[in-house]
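Reminder that position 30 of the sequence shown reads as 126 in our numbering, one-by-one numbering, no gaps. Down below is the structure, laid out as structure tokens.
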Amino acid sequence: MVVAVLLVYGFYSAVLGLVMILAPGFFFSTVGGFGTRNGHYIFDVAAFELPLGLLYLAAVRWPSWRVPTLAFATLHYVLHAISHLIDIHNAKPAWVGSFDFVVIAIGVAVHTLAWWFSAQLRESTSAEPGRSSSRA
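Take a look at the structure:
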């Protein structure tokens, strides 16, 4: 389950970051329509999303990265959900505000569960004699 979350959100964040960089107008008109379009801020967010996606994917390869990656990503999703809740009525088209908030709130739940499972796995494998915590 943890690896699936890392893969899904890793590809999602990496692709989202690339779309923001390569097609900022498309991004703004489909999911980013809050306020006035600002290419600089879209690129700034892309500069976060793309490396986050690569971090998720790296955590698939290096299990010891999973707990910190999921902790960081969970905090990102919590703050992102709060931001969308505050601006829920500022989206264009209007339905995007509610839709984005719900999808991001689901992401909070998914990340929280994956973080918890990953921490539990790390704890159980590090408690076993002869097992390294880097295998979690």
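All C-beta atoms, glycine included, are put in the ideal place defined by N, C-alpha and C.
Where residue i sits in the DSSP three-state scheme
i: alanine 187; result: strand
i: threonine 221; result: helix
i: alanine 215; result: helix
Within 8 angstroms, strictly: CB atoms of residue i and residue j
i: alanine 177; j: phenylalanine 197; result: yes
i: leucine 166; j: histidine 207; result: yes
i: leucine 148; j: histidine 172; result: yes
i: valine 98; j: serine 222; result: no
i: valine 192; j: valine 127; result: yes
i: proline 120; j: glycine 135; result: yes
Proximity to residue i [Cα-Cα], best of the options
i: alanine 210; options: Val156, Lys188, Asp183; result: Val156
i: leucine 181; options: Leu102, Phe130, Pro120; result: Phe130
i: leucine 175; options: Asn186, Pro159, Val192, Gly203; result: Gly203
i: threonine 170; options: Gly193, Pro159, Ala201, Val192; result: Ala201
i: lysine 188; options: Phe124, Met97, Phe107; result: Phe124
i: valine 141; options: Met116, Val163, Ser160, Ser179; result: Met116
i: alanine 110; options: Glu145, Gly135, Pro120; result: Glu145
i: leucine 102; options: Trp158, Thr132, Phe122, Asn134; result: Trp158
i: leucine 217; options: Ala143, Arg133, Ile138, Arg162; result: Arg162
i: phenylalanine 168; options: Asn186, Trp212, Val199; result: Trp212
Residue i, enclosing alpha helix (DSSP H) - first and last residue
i: alanine 110; result: 98–118
List, from N- to C-terminal side, the alpha helix (DSSP H) runs of 4 residues or more that fit wholly inside the stretch 124–212.
135–157, 162–182
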